[in-house]
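Under the numbering used here, read the sequence shown as residues 1397 to 1838, first letter to last.
No residue lacks a Cβ here, since even glycine has one placed at the ideal position from N, Cα and C.
Beneath this line is the structure, given in structure tokens, with notes to follow.
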Amino acid sequence: MWDFSTDPGFQAELDWAGEFVREEIEPLDLLFPGNDEPYDRAGRVYREAVRPLQEQVKARGLWAAHLPPSLGGMGMGQVQLALLNEILGRSSWAPMVFGTQAPDSGNAEILAHYANEEQRRTFLEPLLDGRIVSTFAMTEPSGGADPGGFTCRAVRDGDEWVIDGEKWFASNYPHAAFVIAMVVTDPDVPVQRGASMFIIPQGTPGMEMVRGTGLGNEKLGEGAHGYLRFTGCRVPAENLLGDPGSAFAIAQTRLGGGRLHHAMRSVGLGKRALEMTTERIASRTTRGGRLSDQQSVRQLLADTWIQLEQFRLQVLHAAWQVDRSARTGDRGHARSARLHISAVKAATPKTLVDIVYRAMHVHGALGVSNELPLTRMWNAGPVLGIADGPTEVHKDVVAKLLLADAEPAEDRLFGSEHIPTRLAAARVKYAELLAGETVVAR
Ligand SMILES: Cc1cc2nc3c(=O)[nH]c(=O)nc-3n(C[C@H](O)[C@H](O)[C@H](O)COP(=O)(O)OP(=O)(O)OC[C@H]3O[C@@H](n4cnc5c(N)ncnc54)[C@H](O)[C@@H]3O)c2cc1C
1397 MWDFSTDPGF
1407 QAELDWAGEF
1417 VREEIEPLDL
1427 LFPGNDEPYD
1437 RAGRVYREAV
1447 RPLQEQVKAR
1457 GLWAAHLPPS
1467 LGGMGMGQVQ
1477 LALLNEILGR
1487 SSWAPMVFGT
1497 QAPDSGNAEI
1507 LAHYANEEQR
1517 RTFLEPLLDG
1527 RIVSTFAMTE
1537 PSGGADPGGF
1547 TCRAVRDGDE
1557 WVIDGEKWFA
1567 SNYPHAAFVI
1577 AMVVTDPDVP
1587 VQRGASMFII
1597 PQGTPGMEMV
1607 RGTGLGNEKL
1617 GEGAHGYLRF
1627 TGCRVPAENL
1637 LGDPGSAFAI
1647 AQTRLGGGRL
1657 HHAMRSVGLG
1667 KRALEMTTER
1677 IASRTTRGGR
1687 LSDQQSVRQL
1697 LADTWIQLEQ
1707 FRLQVLHAAW
1717 QVDRSARTGD
1727 RGHARSARLH
1737 ISAVKAATPK
1747 TLVDIVYRAM
1757 HVHGALGVSN
1767 ELPLTRMWNA
1777 GPVLGIADGP
1787 TEVHKDVVAK
1797 LLLADAEPAE
1807 DRLFGSEHIP
1817 TRLAAARVKY
1827 AELLAGETVV
1837 AR
């Protein structure tokens, strides 16, 4: 059954979240616009402003909604999560206030599955409560999209592993209490079977930050994405998560949901750009009329609405695919969910860039100035085309899954849609009907 409506009880929660984000959290975006600040647990802003807001979210029962109730979350399915993320996407502080910020959300899922009792107490519990933040380190400076090129190695030495190598763009490292790192432990097999996942507490000797890299709109040297170097860094054997060689399976659990969260947060940003576009063209006057009197400007607004609506439905459908796959455990459903997640991931940057660009354009100089949030919102598009894997890699997944069951045409020269061939078959099928008539079609 198809149903595009939202359960009234859940809609009430979304309405509460929408107002809470606008009234309580968006002002923080304005006061503290640095990408880094939401993660600084020692900071006054976190203690005095964010923590009390987090308590309100917890009291409302919307804290860490991506996690199961056994971990203090809501156990929401992906469709409900998507609808919540659409609201959180409006603000860069909101995911932090709601306990769903990356990479902590994914790291918590990994720890929930693989950590031992002590690690749960030391790392998972404070992470779930929002008292600490964490980092995920997989990408290396020599290449991220191709893990086959990873060279950061760990060698077993008695009860310890010794790590040497480098990692790159480990988000939030400067404030992180620990790192979850993917490291090659068996270089003799393909990396998909030869990499393992480790917990490395901040301050472990041999782990250092070469520098913090920022995004284009941040000051040089101030970014929160850590370029990490490991030199004879020793971690206890129990800090290995899961089995040796299982890092890829672990990473996949973590990345799938995150891609949908980012996509739906992009819908939230896109909606904001749509609202700004509509408001601007209804307000601005030119040549004695409103901007919206110009047909080309109305076309632009329609293009934005259509593109956003198509993408929103695509993301919700992908979320539904994931929920169905989790419910049925069916392998075909799981494969279909993978296809839809990669398709959504590939479509996200272009959708956001197009929509925000149109909003910038109708605002004229103001649109590209630092007095509106549009250039910042636009920057999220190219970033989302890289983070969690480049667009090309995801399109490749889509194509491979589509081709997996593809059969060559019986008629390899002209294919199965060749009109003369089909017409001949149709004439045979309806021979009686056609008997006695002059057939004119060729
Ligand atoms: C904001 C942000 C946060 C990030 N956070 C983290 C994090 O917390 N932890 C972490 O480990 N990493 C993180 N990353 C890194 C991210 O995962 C990598 O940047 C990404 O996997 C791409 O790797 P790369 O930058 O080395 O690009 P490359 O692998 O060098 O790819 C560059 C380009 O080459 C092309 N290309 C590459 N492979 C293919 C292919 N198979 N087919 C066709 N074209 C291809 C594409 O155009 C691609 O964009 C983050 C990145 C960003 C931007």
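Backbone CA spacing between residue i and residue j [nearest angstrom]
| i | j | result |
| --- | --- | --- |
| LEU1809 | ASP1500 | 53 angstroms |
| THR1824 | ASP1801 | According to the sequence shown, residue 1824 is Val rather than Thr. When rounded, the distance between both Cα atoms is 30 angstroms. |
| LEU1427 | VAL1441 | 10 angstroms |
| PRO1522 | ILE1528 | 6 angstroms |
| ALA1821 | ASP1807 | 14 angstroms |
| PHE1626 | MET1603 | 5 angstroms |
| THR1747 | THR1787 | 12 angstroms |
| SER1688 | GLN1706 | 23 angstroms |
| GLU1536 | ALA1643 | 15 angstroms |
| SER1530 | ARG1676 | 40 angstroms |
| LEU1624 | SER1721 | 37 angstroms |
| GLY1617 | ASN1568 | 14 angstroms |
| MET1578 | LEU1704 | 36 angstroms |
| TYR1510 | ARG1516 | 9 angstroms |
| ARG1549 | GLY1561 | 6 angstroms |
| LEU1799 | ALA1645 | 23 angstroms |
| VAL1749 | ALA1678 | 22 angstroms |
| LEU1829 | LYS1796 | 44 angstroms |
| SER1765 | ARG1683 | 24 angstroms |
| ILE1576 | PHE1532 | 5 angstroms |
| PHE1565 | ASN1512 | 27 angstroms |
| LEU1762 | ALA1413 | 30 angstroms |
| ALA1508 | LEU1520 | 7 angstroms |
| ASP1726 | GLY1685 | 58 angstroms |
| GLY1638 | GLU1767 | 48 angstroms |
| VAL1793 | THR1649 | 16 angstroms |
| MET1593 | ALA1455 | 34 angstroms |
| GLY1430 | TRP1716 | 34 angstroms |
6 angstroms Cβ shell around residue i - same chain, five flanking residues per side excluded
| i | result |
| --- | --- |
| VAL1718 | GLN1474 and ALA1733 |
| ASP1432 | ALA1620 |
| HIS1790 | SER1738, LYS1741 and ALA1742 |
| ALA1573 | ILE1528 and GLN1598 |
| THR1744 | ALA1659, SER1662 and LEU1780 |
| TRP1774 | VAL1752 |
| THR1496 | HIS1462 |
| ARG1680 | LEU1687 |
| GLY1471 | PRO1464 and PRO1465 |
| TYR1435 | VAL1529, ASN1568 and HIS1571 |
Anticipated Cβ contact below 8 angstroms, residue i with residue j, distance rounded
| i | j | result |
| --- | --- | --- |
| VAL1752 | ALA1827 | That pair is no contact at about 59 angstroms. |
| ALA1460 | MET1534 | About 23 angstroms separates the two Cβ atoms, so there is no contact after all. |
| ALA1504 | LEU1458 | The Cβ separation is near 16 angstroms, so there is no contact. |
| GLU1420 | GLY1664 | That pair is no contact at about 16 angstroms. |
| LEU1524 | LEU1611 | Their Cβ separation, rounded to whole angstroms, is 28 angstroms, which puts LEU1524 and LEU1611 out of contact at 8 angstroms. |
| GLN1450 | VAL1493 | 6 angstroms |
| SER1487 | GLU1422 | 5 angstroms |
| ALA1541 | GLY1785 | 6 angstroms |
| GLN1772 | ASN1635 | A small correction: the amino acid at residue 1772 is Arg; Gln does not occupy that position in the sequence shown. Between ASN1635 and ARG1772 the Cβ distance is about 38 angstroms, and since that is not below 8 angstroms, they are no contact. |
One or two residues paired with residue i in a DSSP bridge
| i | result |
| --- | --- |
| MET1605 | LEU1624 |
| TRP1557 | ARG1552 and VAL1631 |
| ALA1566 | GLY1622 |
| ALA1572 | VAL1529 |
| MET1593 | MET1578 and LEU1637 |
| GLU1536 | GLY1539 |
| GLY1685 | THR1682 |
Other residues of its chain near residue i: CB distance less than 7 angstroms, five sequence neighbours each side excluded
| i | result |
| --- | --- |
| THR1673 | LEU1697, THR1700, ARG1754, ALA1755 and VAL1758 |
| PRO1632 | ASP1555 and GLU1556 |
| LEU1424 | ALA1445 and TRP1489 |
| THR1600 | CYS1629 and VAL1631 |
| GLY1539 | GLY1545 |
| GLY1622 | THR1531, ALA1566, TYR1569, PRO1570, MET1605 and GLY1608 |
| PHE1406 | GLN1476 |
| ILE1595 | GLN1515, PHE1519, PHE1574, ILE1576, ASN1635 and LEU1637 |
| LEU1735 | VAL1794 and LEU1797 |
Same chain, Cβ closer than 8 angstroms to residue i, five either side skipped, listed in chain order
| i | result |
| --- | --- |
| LEU1410 | THR1402, LEU1479, LEU1480 and ILE1483 |
| HIS1814 | ASP1807 |
| ALA1730 | SER1721 |
| LEU1770 | ALA1669, MET1672, VAL1752, ALA1755, MET1756, HIS1759, GLY1763 and VAL1764 |
Proximity test, residue i beta-carbon vs ligand 3 heavy atom, cut-off 8 angstroms
| i | result |
| --- | --- |
| ALA1541 | Annotation note on ligand 3: not contained in the displayed structure, which lists ligand 1 as its ligands. |
Any contact of the region 1468-1480 with the region 1652-1659, i.e. 3+ C-beta pairs under 8 angstroms? yes
How do the region 1445-1456 and the region 1692-1711 stand: do at least 3 beta-carbon pairs fall below 8 angstroms, yes or no? no
Three CB pairs or more closer than 8 angstroms across the region 1552-1571 and the region 1582-1591: no
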